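Trainee: Just passing along the structure, written as structure tokens.
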Amino acid sequence: MDSSTYNWVSFFENLINDPQEAHKEIARLEKSNPEIAEIAGNLDDFLHKHYIRRQLFEETISKANNVVLQFALQNYAQILPITNEDDLLDSFLTSLNMLGEELNYSTITSHYLLDIFNSYPDLIIITDELGIIQNANKKVLILLGQSKKEIIKTNLIDLFVEQLTFDDIEQMSQTNKTIHFRLTNKSSIGMSVRTSPLIRKNNHKAGVVFVFNETHQENMINNQKNSSDINTVEK
82 MDSSTYNWVS
92 FFENLINDPQ
102 EAHKEIARLE
112 KSNPEIAEIA
122 GNLDDFLHKH
132 YIRRQLFEET
142 ISKANNVVLQ
152 FALQNYAQIL
162 PITNEDDLLD
172 SFLTSLNMLG
182 EELNYSTITS
192 HYLLDIFNSY
202 PDLIIITDEL
212 GIIQNANKKV
222 LILLGQSKKE
232 IIKTNLIDLF
242 VEQLTFDDIE
252 QMSQTNKTIH
262 FRLTNKSSIG
272 MSVRTSPLIR
282 KNNHKAGVVF
292 VFNETHQENM
302 INNQKNSSDI
312 NTVEK
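One gets our numbering by counting positions in the sequence shown from 1 and adding 81 to each.
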């Protein structure tokens with residue numbers, strides 16, 4: 082019997098459905114027909130590696146899907162182990178791990194900058210080029226008694242007592258004029274204004290950053306009021 086007359090169909094069926102029987106067949110062939118045994122052994126190795134590779138691929142993709150889901154939940158600490166079995170898979174896993182590291186670094190940096198933004202002693206408001214508020218720091222929210230959700234998308238000009246256009250407010254940084262925020266108790270507070278263009282990539286102007294600070298005169302009035310309140314309490 083040579084390889085052309087051997088019943089390969091039966092051998093393949095055993096490899097797929099009953100590997101133990103196929104291995105016994107290979108052992109028998111090694112004694113009776115080493116040539117066929119070598120071919121059968123190579124087929125067994127090929128199918129085994131193919132199965133392992135397919136299983137590895139399916140497991141890796143499943144883990145990668147879970148990691149991407151964690152990324153969507155802003156959890157970037159997941160690290161996928163490299164297989165050292167498949168160059169293509171390992172390249173994919175390395176890229177995914179690097180993406181997680183970059184997202185984690187960006188998130189930490191973003192939180193750090195947000196802490197600085199909210200800790201800044203002056204009032205900071207960021208608008209688009211039409212004057213619609215895109216962001217405001219904590220000092221603004223406390224002064225106006227509003228939540229960030231309430232102030233976002235508000236027109237900047239609606240925050241002030243003066244009837245001014247957006248361009249008027251933007252130009253006030255050059256005139257040192259005072260502008261008055263309208264407060265919830267129907268009073269107002271005067272502020273000086275500094276502005277800076279918000280520049281994105283490619284030097285594209287995406288909006289304007291406004292920094293408001295209590296004027297010296299306003300500080301004096303507040304200090305006098307506080308002193309008066311203290312004296313009243315002491316009496």
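From the three backbone atoms N, C-alpha and C, an ideal C-beta is built for every residue, glycine too. Computed from a prediction, not measured in an experiment: that's the story for all the values here.
Taking a contact to mean a Cβ-Cβ separation below 9 Å, would you say Q327 touches N147 in this structure?
Mentor: The structure shown does not extend to residue 327, since the chain is modelled only from 82 through 316, so no value can be given for it.
Trainee: Between the beta-carbon of T276 and the beta-carbon of E251, is there less than 9 Å?
Mentor: As a working note, residue 276 is residue 195 in the sequence shown. As a working note, residue 251 is residue 170 in the sequence shown. Their beta carbons are under 9 Å apart, which means T276 touches E251 by this criterion.
Trainee: Measuring straight from C-alpha to C-alpha, what distance separates N199 and L150?
Mentor: Within the sequence shown, the letter at position 118 stands for residue 199. Within the sequence shown, the letter at position 69 stands for residue 150. Between N199 and L150, the alpha-carbon positions lie close to 30 Å from each other.
Trainee: According to the neighbour-count rule (16 or more other Cβ atoms, all chains shown, within 10 Å of its Cβ), is N300 buried or exposed?
Mentor: For this step, residue 300 is matched to residue 219 along the sequence shown. Note that N300 scores 48 on pLDDT, short of 50, meaning its location in the model is unreliable and no value can be drawn from it.
Trainee: First and last residue of the alpha helix (DSSP H) that includes H104?
Mentor: By one-based count along the sequence shown, residue 104 stands at place 23. Its alpha helix (DSSP H) spans residues 100 to 113.
Trainee: Could you compute how far the alpha carbon of I345 sits from the alpha carbon of F293?
Mentor: This structure does not reach residue 345, given that the chain is present from 82 up to 316, and the question cannot be answered.
Trainee: Taking 9 Å as the threshold (beta carbon to beta carbon), is L110 in contact with chain D?
Mentor: Going by chain labels, chain D is absent from the structure shown, which holds only one protein chain.
Trainee: Would you check if there are 3 or more beta carbon pairs closer than 8 Å linking the stretch 212 to 229 to the stretch 246 to 264?
Mentor: yes
Trainee: Shortest alpha-carbon distance to N185 belongs to which of S172, E166, I163, A153?
Mentor: Numbered from its first residue, the sequence shown carries residue 185 at position 104. When only C-alpha atoms are compared, the closest one is A153.
Trainee: In chain order, what residues of the same chain lie with their CB nearer than 6 Å to the CB of I107, ignoring the 5 residues before and after it?
Mentor: Counting from 1 along the sequence shown, the entry for residue 107 is found at position 26. Close CB contacts of I107 within its chain, under the 6 Å cut and outside five residues either way in sequence, are with A118, A121, G122 (chain order).
Trainee: Answer with buried or exposed for T141, where buried requires no fewer than 16 other C-beta atoms within 10 angstroms of its C-beta.
Mentor: Residue numbering aside, residue 141 sits at position 60 when the sequence shown is read from its first letter. Looking at its Cβ environment, which holds 16 or more other Cβ atoms inside 10 Å, T141 is buried.
Trainee: Straight-line CA distance for P278 to S269?
Mentor: As a working note, residue 278 is residue 197 in the sequence shown. As a working note, residue 269 is residue 188 in the sequence shown. Computed Cα separation, rounded: 27 Å.
Trainee: Which full runs of the beta strand (DSSP E) of 3+ residues lie inside the stretch 189 to 242, going along the chain?
Mentor: 204 to 208, 214 to 217
Trainee: Smallest Cα separation from M253: which of D239, K267, M272, N266?
Mentor: Along the sequence shown, read from residue 1 onward, the residue named residue 253 stands at position 172. Looking at the Cα atoms, M272 is the closest of the given residues.
Trainee: Could you spell out the range, first to last residue, of the beta strand (DSSP E) harbouring I250?
Mentor: On the sequence shown, position 169 is the one that residue 250 refers to. Premise fails: I250 lies in the alpha helix (DSSP H), 247 to 252, not in any beta strand (DSSP E).
Trainee: Identify whether L279 lies in helix, strand or coil by the three-state DSSP scheme.
Mentor: Here residue 279 is taken as the residue at index 198 of the sequence shown, counted from 1. Strand.
Trainee: Nearest-angstrom Cα distance between K112 and L170?
Mentor: The residue labelled residue 112 in the question sits at position 31 within the sequence shown. The residue labelled residue 170 in the question sits at position 89 within the sequence shown. Their backbone Cα atoms lie some 40 Å apart in a straight line.
Trainee: Rounded to whole angstroms, what's the CA-CA distance from I233 to I213? Just pull it up for me.
Mentor: The residue you call residue 233 lines up with position 152 of the sequence shown. The residue you call residue 213 lines up with position 132 of the sequence shown. Spanning the two alpha carbons is a distance of roughly 8 Å.
Trainee: Buried or exposed: which applies to Y193, given that a residue is buried once 16 or more other Cβ atoms fall within 10 Å of its Cβ?
Mentor: In the sequence shown, the residue the question calls residue 193 occupies position 112. Y193 sits exposed, since fewer than 16 C-beta atoms from the chains shown fall within 10 Å of its C-beta.
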